[in-house]
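Sequences listed follow chains S and D, in order.
Quick note: the first sequence uses our numbering, first residue 753, plus one each step.
Quick note: the second sequence uses our numbering, first residue 753, plus one each step.
Where is the CB? At the ideal position from N, CA and C, for every residue including glycine.
For clarity, every value in this text was computed on a predicted model and none was experimentally measured.
Right, one structure below, let's go through it.
2 protein chains.
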Amino acid sequence: MTDGALREPTFLILTALAARPQHGYGILLDVEEISEGRVKLRAGTLYTALDRLSADGWVAVDREQVVDGRLRRYYRLTDEGAARLEIEVQRLRSQTRAAERRLRLRPAGGTA
Amino acid sequence: MTDGALREPTFLILTALAARPQHGYGILLDVEEISEGRVKLRAGTLYTALDRLSADGWVAVDREQVVDGRLRRYYRLTDEGAARLEIEVQRLRSQTRAAERRLRLRPAGGTA
DNA sequence: CGGTATATACCGATCATCGGAGCATTGCAA
DNA sequence: TTGCAATGCTCCGATGATCGGTATATACCG
Chain S
753 MTDGALREPT
763 FLILTALAAR
773 PQHGYGILLD
783 VEEISEGRVK
793 LRAGTLYTAL
803 DRLSADGWVA
813 VDREQVVDGR
823 LRRYYRLTDE
833 GAARLEIEVQ
843 RLRSQTRAAE
853 RRLRLRPAGG
863 TA
Chain D
753 MTDGALREPT
763 FLILTALAAR
773 PQHGYGILLD
783 VEEISEGRVK
793 LRAGTLYTAL
803 DRLSADGWVA
813 VDREQVVDGR
823 LRRYYRLTDE
833 GAARLEIEVQ
843 RLRSQTRAAE
853 RRLRLRPAGG
863 TA
């Protein structure tokens with residue numbers, strides 16, 4: 753659980769759920785917004801990830817609604833999931849700091 | 753080249769090379785240090801990644817030495833590789849900020 | 001004499017993600 | 001009224017970075 757790095761889609765899905773529960777399609781749109789349009793999740797990626805994250809106990813089904821004959825399944829971040837996301841944020845912070853520090857040390861105008 | 757997210761090992765390899773050229777085994781040790789002991793690269797991962805990054809033009813062979821009858825192949829980060837790493841750092845910064853913002857909005861004591 | 005450190009190479013397995021197709025409903029535009 | 005986009009979930013094969021392990025070789029330590 754404190755294991756390896758999360759992949760970008762997984763990280764963004766957890767982030768999308770951090771503030772409030774959302775249903776699949778809502779997560780899809782939110783991830784696109786969070787990533788400033790860079791990441792457009794495939795439906796398969798999203799629902800597969802949601803199943804996996806549920807099995808891991810990081811997200812859970814919050815409730816289900818039917819709106820206009822279409823099912824909406826809402827997911828929420830569990831406390832465990834929030835803890836995992838916080839660990840991930842720490843890891844990313846520390847590693848981006850290391851990368852910046854080293855980039856600054858880089859001798860300018862290296863031979864490409 | 754401005755594409756998807758880098759995986760953690762790839763990011764750390766580029767970071768290890770950001771300040772100065774290093775040979776494979778040196779990168780292996782450096783990555784472990786940068787990641788505070790969390791990431792111990794498999795030899796296969798490292799050399800495969802180095803080949804791939806060379807093909808992408810992000811790293812290049814700097815020089816080769818023979819020390820104690822053992823080959824040392826030094827790699828350096830190219831300007832293109834440094835630019836890619838900087839983009840990655842920006843991306844990570846923006847996404848960690850988003851995650852932190854949302855975690856702060858999270859209603860405390862949610863049902864686990 | 002055996003194990004650990006140094007150093008690189010190669011190989012099959014794993015698994016998250018990609019890229020698509022499929023199904024069903026609503027609403028808008030041609 | 002036909003067609004296409006948006007909404008919403010499901011399933012499937014392909015891809016590719018990483019993992020885990022093996023191999024090879026030298027040097028040094030106990």
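Chain order gives no chain D residues near S:Gln774, where near means a beta carbon separation below 9 Å; the closest approach is about 11 Å. With a threshold of 16 other beta carbon atoms within 10 Å, D:Ala812 meets it and is buried. The beta carbon of S:Thr767 falls within 8 Å of a beta carbon belonging to chain D, placing the residue at that interface.
At least one CB atom of chain D sits nearer than 8 Å to the CB of S:Gln847.
Secondary structure of S:Ala812 (DSSP, three-state): strand. By the Cβ-count criterion, D:Gln847 is buried, with 16 or more other Cβ atoms from all chains shown falling within 10 Å of its own Cβ. Boundaries of the beta strand (DSSP E) harbouring S:Arg828: Arg822 to Leu829, taken from the DSSP string. Burial check for D:Glu760: the Cβ neighbour count within 10 Å reaches 16 or more, so the residue is buried. S:Ile839 has a beta carbon lying at 8 Å or more from every beta carbon in chain D.
With distances taken between CA atoms, D:Asp814 lies nearest to D:Tyr827 out of D:Tyr827, D:Arg794, D:Gly756 and D:Arg845.
Residue environment analysis places S:Leu829 among the buried positions, since at least 16 neighbouring C-beta atoms fall within 10 angstroms of its C-beta. Residue contact with chain D for S:Ile779: absent (no Cβ-Cβ distance below 8 Å to any residue of chain D). In this structure, S:Glu816 and S:Leu823 form a Cβ contact; the two beta carbons are roughly 6 Å apart against a cut-off of 8 Å.
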